[in-house]
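Under the working numbering, the first residue of the sequence shown carries the number 3, and numbering increases by one thereafter.
Backbone N, C-alpha and C define an ideal beta-carbon position, used for all residues, glycine too.
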Amino acid sequence: MPSPTTPPEPATPEPVTPEPVTPAPVRDVGPGYREQLEQGYVFGSVLTFGQRPLVVEEAQLDAWRPDVAVLGAPFDLGTTNRPGARFGPRALRTNAYEPGTFHLDLGLEIFDWLEVVDVGDAYCPHGRVEASLDNIKAKVASVVNRGIVPITIGGDHTVTWPAATAVADRYGYGRVGMVHFDAHADTADTIDGNLASHGTPMRRLIESGAIPGRNFVQIGLRGYWPGQDVWDWMAEQGMRWHLMDEVHRRGLDSVLTDAIGEAMDGVDHLYVSVDIDSLDPAYAPGTGTPEPGGLASVDMVRAMRRLAMETPLVAFDVMEVAPAYDHADCTVNVAHRLIMEILAGLAWKRRQRGEQPSADRPRR
Ligand SMILES: [Mn+2]
Numbered sequence: 003m004p005s006p007t008t009p010p011e012p013a014t015p016e017p018v019t020p021e022p023v024t025p026a027p028v029r030d031v032g033p034g035y036r037e038q039l040e041q042g043y044v045f046g047s048v049l050t051f052g053q054r055p056l057v058v059e060e061a062q063l064d065a066w067r068p069d070v071a072v073l074g075a076p077f078d079l080g081t082t083n084r085p086g087a088r089f090g091p092r093a094l095r096t097n098a099y100e101p102g103t104f105h106l107d108l109g110l111e112i113f114d115w116l117e118v119v120d121v122g123d124a125y126c127p128h129g130r131v132e133a134s135l136d137n138i139k140a141k142v143a144s145v146v147n148r149g150i151v152p153i154t155i156g157g158d159h160t161v162t163w164p165a166a167t168a169v170a171d172r173y174g175y176g177r178v179g180m181v182h183f184d185a186h187a188d189t190a191d192t193i194d195g196n197l198a199s200h201g202t203p204m205r206r207l208i209e210s211g212a213i214p215g216r217n218f219v220q221i222g223l224r225g226y227w228p229g230q231d232v233w234d235w236m237a238e239q240g241m242r243w244h245l246m247d248e249v250h251r252r253g254l255d256s257v258l259t260d261a262i263g264e265a266m267d268g269v270d271h272l273y274v275s276v277d278i279d280s281l282d283p284a285y286a287p288g289t290g291t292p293e294p295g296g297l298a299s300v301d302m303v304r305a306m307r308r309l310a311m312e313t314p315l316v317a318f319d320v321m322e323v324a325p326a327y328d329h330a331d332c333t334v335n336v337a338h339r340l341i342m343e344i345l346a347g348l349a350w351k352r353r354q355r356g357e358q359p360s361a362d363r364p365r366r
């Protein structure tokens, strides 16, 4: 026993664990590519989403460490009526009028606060449904598994099945809620015997457990489909929906407040999926299954901004833009702006958190 006066044994110094060092992002492109990006034409230059850098090598994506990656899913083999959504990604990259990047309502330069790249397309070989959907899932996974927010441009709505599955694989089955804007519920069991139709993806996501039925919330439904048996199945799953009739009476802002609460009840993350046919064909005629009596673009751009600002949004998609049926690029521009509003909302959230933009952020 040491006496009380015995000096204590010198303490063995705790081994010092060095703080993990996060390397600075590397956001270099070659001088020729940078020159192309900096031309900043609204009518040309490099044809990526928002003229953001194209980053297609996984090692480069690791070094770049963007906040958001935009990808294309040019798949429309699940279309029941007018095909052509395979041209959606190309149209949003090439036909949308590039308006500048300072958000008037939020008072911020979007790309000063948010690093966004275009990672190209998932390979969708024509006629090969399973290979295409596997490739879409892998492409979204290559983004979301790095903690980057994937923004997927369709493609028909079948694409949301593999895309949201990849997001649930990353964040956990049962941990991700869904706010889904659409004229149609997309919850049929099969259509023409097809499990992988643009009328079935939401059922597949609920059946697999990727998104819980009770956290699956739909906005803007209208028209004449599906029938009572499908609504019964949806109710059994605990799904919530807000018909266009309710949106018309209450206003989208009020409905959206409810929808966010329903989708986030007991989960940690949110996926937002927009079928462009949720908008009235007056605003978005360029789509395969237009349904009159829909949402207005003025409400939808504000809704996207709110969703990005107010929720833990981890993934977003815009589906069903079929440019061959478009007039004067109306549909392409509103679809592009829905993505811009999501980006603006995410940029605002970073500014609110005081996260300083990176010094080596390349400008275009
Ligand atoms: Mn749909």
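Under a three-way DSSP split, which group does residue i fall into?
i: residue 250; result: helix
i: residue 153; result: strand
i: residue 365; result: For residue 365, the predicted model reports a pLDDT of 47, less than 50, meaning its position is unreliable; a value from the coordinates is still stated below. Residue state, collapsed to three classes: coil.
i: residue 182; result: strand
i: residue 16; result: coil
i: residue 236; result: helix
i: residue 129; result: coil
i: residue 199; result: coil
i: residue 100; result: coil
i: residue 221; result: strand
i: residue 321; result: strand
i: residue 105; result: strand
i: residue 193; result: strand
i: residue 349; result: helix
i: residue 116; result: coil
i: residue 357; result: coil
i: residue 35; result: helix
i: residue 329; result: coil
i: residue 293; result: coil
With a cut-off of 8 Å, does the C-beta of residue i fall near any C-beta of chain C?
i: residue 118; result: Absent here is chain C; the protein component of the structure consists of one chain.
Rank the options by C-alpha distance to the C-alpha of residue i and give the top, closest one.
i: residue 352; options: 53, 19, 117 and 36; result: 117
i: residue 66; options: 47, 26 and 89; result: 26
i: residue 243; options: 269, 215, 270 and 231; result: 215
i: residue 53; options: 29, 94 and 195; result: 94
i: residue 60; options: 20, 37 and 121; result: 121
i: residue 62; options: 21, 144, 252 and 179; result: 144
i: residue 304; options: 326, 268, 344 and 323; result: 344
i: residue 193; options: 80, 311, 86 and 207; result: 80
i: residue 158; options: 289, 293, 347 and 357; result: 289
i: residue 164; options: 206, 88 and 266; result: 206
i: residue 189; options: 90, 160, 176 and 172; result: 160
i: residue 152; options: 51, 266 and 291; result: 51
i: residue 76; options: 83, 141 and 274; result: 141
i: residue 213; options: 191, 227 and 240; result: 240
Round the Cβ separation of residue i and residue j to the nearest angstrom and send it over; I've been treating them as touching at under 8 Å.
i: residue 262; j: residue 181; result: 7 Å
i: residue 223; j: residue 187; result: 6 Å
i: residue 74; j: residue 155; result: 5 Å
i: residue 296; j: residue 281; result: 5 Å
i: residue 276; j: residue 321; result: 7 Å
| Among all residues, which have a Cβ less than 7 Å from at least one non-hydrogen atom of ligand 1, and in what chain order do they fall? | 159, 184, 186, 188, 200, 277, 279, 321 and 322
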